[in-house]
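Participant: Protein chains in written order, with this note's numbering: chain A, 25 to 356; chain B, 843 to 1306.
Glycine residues also receive a C-beta, built at the ideal position from the N, C-alpha and C atoms.
Pasting a structure here, questions to come.
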Amino acid sequence: MSTAAAVILWTGATFYAIFGGADFGGGFWDLFAGDPGKGERPRMTIQRSLTPVWEANHVWLIFILVVLWTGFPDAFSAIFTTLYVPLLLAVLGIVLRGSGFAFRKSVEGLRERRAAGATFALSSLVTPFFMGTVVGAIAAGNVPAAGDGDAFSTWLAPLPLFIGAMFVATSAYLAAVFLVGDSRRAEDREMEVYFEKRALAAGAVAGIFAVVGLIALHSEGHYVYDRLVHEGLPLVIVSAVCGVGMLGVLLTGGRFLLRPLAALAVVAVIWGAFVAMFPYLLPTTMKISEAAAPDATLSAIFVVFGVACVLVLPALFLLYFLAQSDMLEHEH
Amino acid sequence: MPGLDAIPLAASATSNLFAAREQMAFTLAFHIVLACLGVALPATILVAHYIGLKRDDHDAIELAQRWSKAMAVTFAVGAVTGTVLSFEFGLLWPHFMERFGAAFGIAFGIEGLFFFLEAIFLAIYIYGWKRLPPWAHFWAGVPMFITGIGGAFSVVAANSWMNQPQGFALDAAGKVTEVEPLRVIFNPATPYEVPHMILAAYMVVGFLVASIYAVGMLKGRRDRLHRLGLLIPLTIACIATPVQLLVGDTAAREVAKDQPAKFAAMECIQDTGGHQTEYIGGICTSSGVKLAIPIPDLDSLLVGFSPDSKVTGLNDIPDDERPPVNTLLHLAFDTMVGIGSALLLLGLWLAYSWFKKRDIPQTPWFLKAVAVSGIGAILALWSGWIVTEVGRQPWIVNGYMKTSEAVTDANGIWGAFIFTLLLYATIGTVAILVLRRMSRRWREGGEGTAEDEPSPYSPEEVGV
Ligand code: HDD
Ligand code: HEM
Ligand code: HEM
């Protein structure tokens, strides 16, 4: 039963990584789009494809938090008493990002728009990085079960920092790939080439960080490393195949497989991590079953999750459907 | 609690405790105002929308449009500040979540569900202004009204549980071992706290929106749009007010019964017994209330409908379980009741004038009163929360866990708090500026401008 609850937690993390990741990545490219003249077109493209969904992306984070504190209160407390510094910085990023989202369409004047936009963009960098260090610190086994681990050495270590960097690069990659897809659909050659270049660069960087991260994992997170290259191997292979396949699609100008492949590559990594950490929630200090709340609470989580699927998914589809059909109209 | 007395109350923990409480109180107070908008603005918008469609009234439609665009901004800020609160549970009160998350946390899952749905339907609703058939569009907005109420229900149920915890069993170490989710959610404080909060949201939103139009009318903008913009929300708020006072009265009696320490502190009752005096205003001291207007026997009368009703005094509460700062509590309670009564009078004034001559009272004093009513309702809201939260101290979970046991040992809470103050001050200022500019644009642009107003939830494109 506790494993099922952990699967729900991971499902939330998967959605957050894909949708939230692409969203943060959009901010990343916004940040590096250059001066207002040069950057205007890419910024427009980014805003067009990302704005309506910030809230929907963000809500997965809330979902993860709630499942964690309700379903695994001990782990929640251990993580928050140890890694409060990066968590605080991540939440700062979220506040700035959300406010930027709220305000930037409504403020007037180039200067203010740029200030709001810059806040939005800069925070897109900060949040995934510090989230990554949190995940890295957990994977490295640096979070003691009783909590109150060292406030700095637990995450200011190679593995967490590499994972943080990898999170940033991966989200930039995801976003660029999504944007290439959008540009191809809109038959916007200029933007297509623009984001193709960036997707390739970000993909290469993310790949390098992944390899370096793996080496760091070998030295800092033995347990996770061992399971990742044994039990988790199929998923690692799936991820790598998708990564390479995506490169192929990118270079050959295809557009349909692009998003599914990008998403699948990320999904495989996340579930690879699940397999690698199993049966631990905090590797080698706290097992999933040890951290879990009483059964009745877990059942309540299942019920809420079930209701969420029944109510939220159709509503979300309706929204995406309306937004997409509208965009198509505009473009033709 | 056995085993928990061991947690050291070192100097750093005490100062952390104070900093963490201030931080929590400040961020909650900020969030709750936005939350009220999320809870009660949908109904207000829909009433205007309905009137607009039924009577083919362009002004009413225009209002619904403007309010929905404004709500998009406040909703997004509400989501951000709500996220901060979620992190704060872990960053400030990790031991509370560790011990009671399994019981207390469920409600937040339900809350998340409701607010997510609300965000989606808000987006659909805003999107629908130009694109959906009129009545389909109206019905697409109705889910927002339900989700607002559902969301408020679930969070406030969580808070009620902190006041009246039940539905769980503890092991020897004080950890939750068994949970009955339904008993957690439907605890004895839920039946009065939840409606009291939802009505408060309707009052805050009604008076606040009306006060904006009252200010406009005082500046001489007496067109039909302003009159409608004043009347619709004001009517809603004035209907909510008397009900609110009844619910509040019930709440007070329940608190006297179930949370005697809180009641004694907010009424400044020193000694248990009958014939308790009701003090209005004043400073609470252990030798009685100073500078207050005393009304003999009234307190007993209110609690038990008889002057002989016995009310528990602070002398029967152990020293270390008495709420702090009784004067603040007492004044906060009086402020809430006082403002509630004043708003009731405002409602009666409107009703009288309406039934006599089908119009709002003509004197500028009425508009001036409406103009401050929004701020007043917010003050009452904050005061009520101070009564609830500070009055529960020193407990975080009434009778089970002290707040001092819940707080984090992390360093730097004061720094974080000061930073939060600055950050929120900026966000608040920008939010108000943005809303004011939107309204100025609408005023200058005339009817139809709001329709094209870009909003965070709408898919229109906009240059950077
Ligand atoms: C517009 C706002 C507003 C108004 C006019 C009132 N209240 Fe209130 N009150 C609140 C808004 C509020 C609240 C939303 O702030 C609280 C905090 C927690 C809650 O459930 O509602 C609250 C709490 C609260 C409590 C504490 C409940 C607890 O701790 O469990 C009591 C005893 C009252 N109220 C009583 C009253 C009475 C007797 C009122 C008028 C005659 C009154 N309230 C008007
Ligand atoms: C459902 C909603 C709420 C929950 C779950 C909640 C929870 C908490 C928690 C965990 C604390 C810290 C521990 C404590 O001091 O008791 C706290 C403190 C506090 N909260 Fe709430 N709260 C809620 C709503 C509010 C709101 C809306 C306000 C708005 C004004 C508020 C005002 C305060 C204050 C003033 C304190 C500090 C108490 C003190 O300093 O002694 N609360 N609340
Ligand atoms: C009486 C207390 C509260 C009420 C009535 C309330 C209500 C609301 C409302 C209406 C929203 C939607 C955004 C908006 O309209 O501005 C919201 C958002 C949110 N609230 Fe609160 N809230 C309360 C207290 C809390 C507390 C104590 C927490 C802490 C966990 C919290 C967490 C959240 C979160 C995470 C969101 C964002 C949801 C999203 O992203 O869609 N709220 N709240």
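Taking only beta-carbon positions, decide if residue 891/B is within less than 8 Å of chain A.
Facilitator: Taking Cβ atoms only, chain A never reaches closer than 8 Å to residue 891/B, which makes this a no.
Participant: Does DSSP put residue 1126/B in a helix, a strand or coil?
Facilitator: Strand at residue 1126/B.
Participant: Let me check one thing: in DSSP terms, what residues is residue 1243/B bridge-paired to?
Facilitator: Beta-bridge pairing links residue 1243/B to 1239/B.
Participant: Do residue 919/B and residue 869/B have their C-beta atoms closer together than 8 Å?
Facilitator: It is not a contact, given that the beta carbons lie outside the stated cut-off.
Participant: With a threshold of 8 Å on Cβ separation, who are the neighbours of residue 354/A within its own chain once the five nearest residues in sequence on each side are excluded?
Facilitator: Residue placement at residue 354/A is poorly supported in this model, since its pLDDT is 44, which falls under 50; the coordinates still yield a value, given next. The answer is none, since no qualifying residue turns up.
Participant: Anything in chain A within Cβ reach of residue 1265/B, meaning under 7 Å, just list it in chain order.
Facilitator: Result: 119.
Participant: If you count every other CB in all the chains shown that lies within 10 Å of the CB of residue 908/B, and 16 or more means buried, which is it?
Facilitator: Its Cβ being crowded by 16 or more others within 10 Å, residue 908/B is buried.
Participant: Between residue 884/B and the rest of its own chain, which residues show a CB-CB distance below 6 Å, the 5 nearest in sequence each way excluded?
Facilitator: These residues qualify, in order along the chain: 986, 987, 990.
Participant: Name the DSSP beta bridge partners of residue 1106/B, please?
Facilitator: According to DSSP, residue 1106/B bridges with nothing at all.
Participant: Nearest by alpha-carbon distance to residue 100/A: which of 913/B, 937/B, 902/B, 906/B is it?
Facilitator: That would be 937/B, whose Cα lies nearest to the Cα of residue 100/A.
Participant: State the CB to CB distance for the pair residue 998/B and residue 940/B, rounded to an integer number of angstroms; the pair is presumed to be in contact (CB under 8 Å).
Facilitator: That belief does not hold up - the Cβ atoms of residue 998/B and residue 940/B are roughly 23 Å apart, past 8 Å.
Participant: Report the residue from 1042/B, 966/B, 873/B whose alpha carbon sits nearest the alpha carbon of residue 1226/B.
Facilitator: When only C-alpha atoms are compared, the closest one is 1042/B.
Participant: Of the residues 1015/B, 1005/B, 1013/B, 1039/B, which one's Cα is nearest the Cα of residue 1026/B?
Facilitator: Nearest option by C-alpha distance: 1005/B.
Participant: Between residue 196/A and residue 226/A, what straight-line distance do the alpha-carbon atoms span, to the nearest angstrom?
Facilitator: Roughly 6 Å separates the two Cα atoms.
Participant: Between which two residues does the beta strand (DSSP E) harbouring residue 1136/B extend?
Facilitator: Run containing residue 1136/B: 1135-1137, per the beta strand (DSSP E) assignment.
Participant: Quick one: grab the DSSP three-state call for residue 302/A.
Facilitator: Residue 302/A: coil per DSSP, three-state reduction.
Participant: Is the Cβ of residue 1117/B closer than 8 Å to any Cβ of chain A?
Facilitator: No, residue 1117/B does not count as interfacial toward chain A.
Participant: Short of 6 Å in beta carbon distance, which residues of its chain neighbour residue 117/A, apart from the five on each side in sequence? Order them along the chain.
Facilitator: For residue 117/A, where only same-chain residues beyond five positions count, the Cβ hits under 6 Å are 147, 150, 151.
Participant: Would you check if the distance between the CB atom of residue 963/B and the CB atom of residue 982/B is smaller than 8 Å?
Facilitator: Yes, these two residues count as a Cβ contact at 8 Å.
Participant: Below 8 Å on the Cβ atoms is my guess for residue 115/A versus residue 929/B; work out the distance and round it to an integer in Å.
Facilitator: Between residue 929/B and residue 115/A the Cβ distance is about 5 Å, and since that is below 8 Å, they are a contact.
Participant: Check whether chain B comes within 8 Å of residue 180/A, counting only Cβ atoms and requiring the distance to be less than that.
Facilitator: By this cut-off, residue 180/A is not an interface position.
Participant: Straight-line CA distance for residue 208/A to residue 25/A?
Facilitator: Cα to Cα, residue 208/A sits roughly 45 Å from residue 25/A.
Participant: According to DSSP, simplified to helix, strand and coil, what is residue 1177/B?
Facilitator: In this structure, residue 1177/B counts as helix in the three-state DSSP scheme.
Participant: What whole-angstrom Cβ distance do residue 300/A and residue 251/A have, given they're in contact under 8 Å?
Facilitator: The Cβ separation is near 4 Å, so the contact holds.
Participant: Could you list the residues in the region 151-184 of chain A with a C-beta less than 8 Å from some C-beta on chain B, going in chain order?
Facilitator: Taking 8 Å as the Cβ-Cβ cut-off against chain B, the residues of the region 151-184 of chain A that qualify are 171, 172, 175.
Participant: In whole angstroms, what is the alpha-carbon distance linking residue 275/A and residue 214/A?
Facilitator: So the alpha carbons of these two residues sit roughly 15 Å apart.
Participant: Quick one: is residue 333/A buried, meaning 16 or more other Cβ sit within 10 Å of its Cβ, or exposed?
Facilitator: Exposed, by the Cβ-count rule.
Participant: Would you grab the beta carbon distance between residue 1046/B and residue 1220/B for me? Rounded to a whole angstrom, and I think it's under 8 Å.
Facilitator: Indeed they touch by this definition, with Cβ atoms about 6 Å apart.
Participant: Could you please give the first and the last residue of the uninterrupted beta strand (DSSP E) stretch that includes residue 1043/B?
Facilitator: No beta strand (DSSP E) holds residue 1043/B; the alpha helix (DSSP H) holding it covers 1032-1060.
Participant: Find out if the Cβ-Cβ distance for the pair residue 1038/B, residue 1079/B is shorter than 8 Å.
Facilitator: Not a contact, by the Cβ cut-off of 8 Å.
Participant: How many Å lie between residue 339/A and residue 1061/B at the Cα?
Facilitator: Cα-Cα distance, rounded: 43 Å.
Participant: Starting from the C-beta of residue 92/A, find all residues in its chain whose C-beta is less than 7 Å away, skip the five residues before and the five after it, and write them out in chain order.
Facilitator: Only 33, 99, 100 meet the Cβ criterion.
Participant: Rounded to whole angstroms, what is the Cα-Cα separation between residue 875/B and residue 1095/B?
Facilitator: Spanning the two alpha carbons is a distance of roughly 26 Å.
Participant: For residue 123/A and chain B, any beta-carbon pair shorter than 8 Å?
Facilitator: Taking Cβ atoms only, chain B reaches closer than 8 Å to residue 123/A, which makes this a yes.
Participant: So, does the CB of residue 295/A fall closer than 8 Å to a CB anywhere in chain B?
Facilitator: Not one chain B Cβ lies under 8 Å of residue 295/A.
Participant: Give the straight-line distance between the Cα atoms of residue 309/A and residue 183/A, rounded to the nearest whole angstrom.
Facilitator: Near 18 Å, if we compare the C-alpha coordinates of residue 183/A and residue 309/A.
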